[in-house]
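Q: For the record, the sequence lines run as chains A and B. The numbers in our numbering rise by one with no breaks, and the one at position 325 of the first sequence is 325. In our numbering, each number is its position in the second sequence, counted from 1, plus 1000.
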Amino acid sequence: MEFEPEDHYAAHRAAAKAWVAAHVESGWLEEQELTGNYQTPELHLRLARDGLLGAAWPAEFGGTDADPEFARAVFQEVLGLGLRLDGWFSTQMVLNTVLHVGTDEQKRDMLSAGARGEMVIALGYTEPSCGSDVAAAKTRAVRDGDEWVINGSKMFTSTAQEASHVFLLTRTNVDVPKHRGLTLFMVPLDSPGVEIRPVHTIGGQRTNATFYSDVRIPDRLRVGPVDGGWGVMRTALTYERGLSAPLTGPTWADRGADWARSVSRDGGSPVIDDPVVRERLARIAIETEMTRLLAVRNAWIVETGGMPALEGTVHKLFSTETGQQHLASLLDLIGEEAVIQDPMADSFPQAVESAFRKAVFTTIAGGSSEVQREIIAERALGLPKNRPS
Amino acid sequence: MDLALTDEQRSVQELFSEFFSKESTPERVRAAEALGFDQPLWDALTGIDAVTMGLPEDVGGAGASALDLVLVAEQFGQRIAAVPLVEAMVAASVLARSEAGRGLLDLVTDGTVIPTIALRPVVARVVRLAPAGAVADVIVALDGDDLVAVRRPGQRPYTQPPRNLASAPIADWDLAAAGSQRSVLASGEQARQAYSDAVSLWRVLTGAALCGLRRGALDIGVSYVKVREAFGAPIGHFQAIQHRLADLYAAGDALQLLVYEAGWAWDADPVHAQVLSCMSFLAAAEIAFRTCREALQFHGGYGVTVEYDIQMYYRRAKAWPLAAGPVRDSYQHLAGLLFDEPGRLSPGQE
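#1: Taking 8 Å as the threshold (beta carbon to beta carbon), is R1228 (chain B) in contact with chain A?
#2: Count the other C-beta atoms from every protein chain shown that fall within 10 angstroms of the C-beta of L81 (chain A), then say buried if there are 16 or more, exposed otherwise.
#3: Could you tell me which chain B residues have their CB closer than 8 Å to the CB of L281 (chain A), listed as they occur along the chain?
#4: According to DSSP, is E118 (chain A) part of a helix, a strand, or is it coil?
#5: DSSP on R255 (chain A), reduced to helix/strand/coil?
#6: Ignoring anything shorter than 4 residues or poking outside the stretch 1232-1314 of chain B, list the alpha helix (DSSP H) runs there in chain order.
#7: Just the chain A side, please: which residues come within less than 7 Å of H1237 (chain B) by C-beta, in chain order?
#8: Taking the DSSP output, what are the residues bridged to I1139 (chain B)?
#9: Assign T40 (chain A) to one of three DSSP states: helix, strand, or coil.
#10: According to the Cβ coordinates, are V1083 (chain B) and A1208 (chain B) closer than 8 Å?
#11: If we ignore side chains and look at the alpha-carbon of each, how far apart do T126 (chain A) and G152 (chain A) end up?
#12: So is the beta-carbon of M344 (chain A) under 7 Å away from any non-hydrogen atom of the ligand MG?
#13: Going by the beta-carbon positions, is the gap between L1257 (chain B) and V1090 (chain B) smaller than 8 Å?
#14: For P1234 (chain B), go through chain A and note every residue whose CB falls closer than 9 Å to its CB, in chain order.
#15: Put K138 (chain A) into one of helix, strand or coil per three-state DSSP.
#16: Output yes if chain A places a C-beta closer than 8 Å to the C-beta of E1261 (chain B); else output no.
#17: If the cut-off is 7 Å on Cβ atoms, which residues from the stretch 35-50 of chain A count as contacting chain B, listed in chain order?
#18: Just the chain A side, please: which residues come within less than 9 Å of T1006 (chain B) by C-beta, in chain order?
#19: Name, please, each residue of chain B whose Cβ falls closer than 9 Å to the Cβ of E370 (chain A).
#20: Assess, as a yes-or-no matter, whether the stretch 1108-1123 of chain B is touched by the stretch 1044-1055 of chain B under the definition of 3 or more beta carbon pairs within less than 8 Å.
#21: So what does DSSP say about H8 (chain A), is it helix, strand or coil?
#22: Evaluate contact between the stretch 157-177 of chain A and the stretch 218-235 of chain A, counting only Cβ atoms and requiring at least three cross-stretch pairs below 8 Å.
#23: Just tell me which of A:A122, A:F211, A:P225, A:I375 has its CA closest to the CA of L1245 (chain B).
#24: Comparing the C-beta of V1086 (chain B) with each C-beta of chain A, is any distance below 8 Å?
#25: From what residue to what residue does the alpha helix (DSSP H) around K358 (chain A) run?
#26: Kindly indicate the opening and closing residues of the beta strand (DSSP E) around F1126 (chain B).
#27: DSSP beta-bridge partners for Y212 (chain A)?
#28: Cα-Cα, which of A:E195, A:V314, A:V134, A:H165 is closest to A187 (chain A)?
#29: Suppose you measure from the CA of L327 (chain A) to the CA of F318 (chain A); what does that come to, to the nearest Å?
#30: What residues are listed by DSSP as bridge partners for W1173 (chain B)?
#31: Specify the secondary structure class of Q1013 (chain B) as computed by DSSP and reduced to three states.
#32: Between the stretch 1166-1173 of chain B and the stretch 1087-1105 of chain B, can you find at least three pairs of beta-carbon atoms closer than 8 Å?
#33: Taking beta-carbon pairs under 9 Å, can you tell me which members of the stretch 1052-1063 of chain B lie near chain A?
#34: At 9 Å on the CB atoms, spell out the chain A contacts of W1264 (chain B), in chain order.
#35: Which of helix, strand or coil does DSSP assign to D50 (chain A)?
#36: Quick one, which of A:H23, A:D254, A:G102, A:S112 has its alpha-carbon nearest M233 (chain A)'s?
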């Protein structure tokens, strides 16, 4: 066992930085912050143009010539700037699922369109009346000859405004237990009967509610077996939890210490001299290191050919719960300056304020903390399942 | 980066897991509570050369890594064994660093002498509440400018420990007592450095022991909620209990990685070794106690009765870290390491 950090993409680091310098525009970060749109189409197209989106896929299904390690290094550098690629993340997750469960035709058509940047996929799981209990989806799909007719609505269809398709979880059978009557479809968002309405969140992110009225799609856009959607979902969710990337750059504790060195209290001694501040920052540093180790473990599992299952759940729960508390704690230390909202200001209080509002969604999105705890209680501790169904 | 234990590390883990589950049963721990020391267990430990396994081979050790010692301490903690294993390992490592100290090592190796370490500065020649002060034969202490090893006359038990939260064999130790043999191991800056290293290693191994303790307490708690029934169901069926146990599992899982990292860094990453030692100790102190508190709480009234094992874990989880002084001092120490050295990098950063 050894913990020596290593840069798996060291050989590509310089080239990745050069790519970012040449192709990433300085205004994009501010634009994402101001609009809450976390998918920048021009960035997506530039990544596609250089083959970076399809680098990891088999050549027969749209894989490109680009080196997958170079591609990962570029993604790391882009994310390191604070830019988000939410549309690509959901697209990648869904297309990896298609690679597992799709027909050869779907793999060829969808993955190559994804690699070209033409297919951007939003996730359509959550509904107004069900989030954590995702298998309770009510959106109906009814067969009509070689077509399906879809009616219903979805919540938090994030990046749908920039997407070409939504990966839609529907109910195709109401006469069986809920997990056995689900089917997934790749629904083109320009289909007649689809409506996208923006939903704004306290973290600044724009998400959407999407509505489906007599939307007709051909059977070839069904992903996986009829009524076999829950198995498809499980594949997709595993990819979602495996996505955590280890933290890089200064931690909140480091940034907090820099800030505390630079300000003094009522014209007196620097804030960093206050033992209460020191202890709070030290506590944040400890939990941050624990989170880093959990993320490092996820990455190590993936690199050694596995998929983090329980480990991914532990990371999701611990990192989001502690991370939220850290930001609240930092706001307490800063005081009144911390309430001003200006995410683009180059100031620590405003960075904390912005991160604080964003963090609130982390314990809810992608499976709420309560769901993560159920998974741990059942799978790691062997405690009885207590949900009604 | 390789987060899997090697075959060798796994066999150390298995060997000591088996050893402590056999030699430190709850009955044995309970029976030893008056003195806080189980002599047959100590004899068994020295019989398998556990105390000196981390010393270099040329002084009679096995050259085991700090991570190996962490794995041993974890198993020790899981069974809350009534022996001063961590203190003796640390004291032996200090003795091995000087000519004067090495003279005592043979007696440690053959089990004649139990060494311990004073974790707080000596005041007026007295070590207040020395770890294993009632039963150890030699104490390593920083006395003014000197790092000393003092061997005392008489035989164990030297005194009856005061009743205490952990039922530990703590006792005051008068370094100037008549008949004491005092060796100076180092002086000045060298002494302070060696002592500070020793306290750091103690934190690493105590963190590991507490990580094992929290694992033992979690196992007890989970087993109990599966069998205890209330309102017509095992109480482990209720979310109020499941979710709190899940949080403890997650924190404990992260803690174990931190404790292993601290053990690894002790040999391999000198830049972060001190920081990680302090971090793992503080995280372990907090998570071990939280785990015990919840596990005891889920026992209901039985949890506070002395017949149930969880109370033995609960008391030790809070008391063990206090041997190094007020916990807030350790937080301030960590803050100093983290925030007062400009240009210092957090672990994992280049």
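Just so you know, even glycine gets a beta-carbon here, dropped at the ideal spot from N, CA and C. Keep in mind it's a predicted model, so treat the numbers as computed, not measured.
A: The answer reads as follows:
#1: no
#2: exposed
#3: What L281 (chain A) touches in chain B: A1335, L1338, F1339.
#4: Of the three classes helix, strand and coil, the one that applies to E118 (chain A) here is coil, per DSSP.
#5: Assigned with DSSP and collapsed to three states, R255 (chain A) falls in helix.
#6: 1239-1268, 1270-1298
#7: P384, N386
#8: B:T1116, B:V1150
#9: coil
#10: no
#11: 11 Å
#12: The ligand MG is not part of this structure, which contains no ligands at all.
#13: It is not a contact, given that the beta carbons lie outside the stated cut-off.
#14: L383, P384
#15: Three-state result, K138 (chain A): coil.
#16: Yes - at least one Cβ of chain A is within 8 Å of the one on E1261 (chain B).
#17: none
#18: Within chain A, the residues near T1006 (chain B) are M1.
#19: Q1239, H1243
#20: yes
#21: coil
#22: The answer is yes - the stretch 218-235 of chain A touches the stretch 157-177 of chain A, with three or more Cβ pairs under 8 Å.
#23: A:I375
#24: No, its Cβ sits nowhere closer than 8 Å to a Cβ of chain A.
#25: In the DSSP assignment, K358 (chain A) falls within the unbroken alpha helix (DSSP H) covering 348-359.
#26: Position check: residue 1126 (chain B) holds Val in this sequence, whereas Phe was assumed. Residues 1126-1130.
#27: A:G152, A:V194
#28: Correcting the residue type first, residue 187 (chain A) is Val in the shown sequence and not Ala. It is A:H165.
#29: Cα to Cα, L327 (chain A) sits roughly 14 Å from F318 (chain A).
#30: B:V1127
#31: helix
#32: no
#33: none
#34: M1, E2, F3, E4
#35: coil
#36: A:G102
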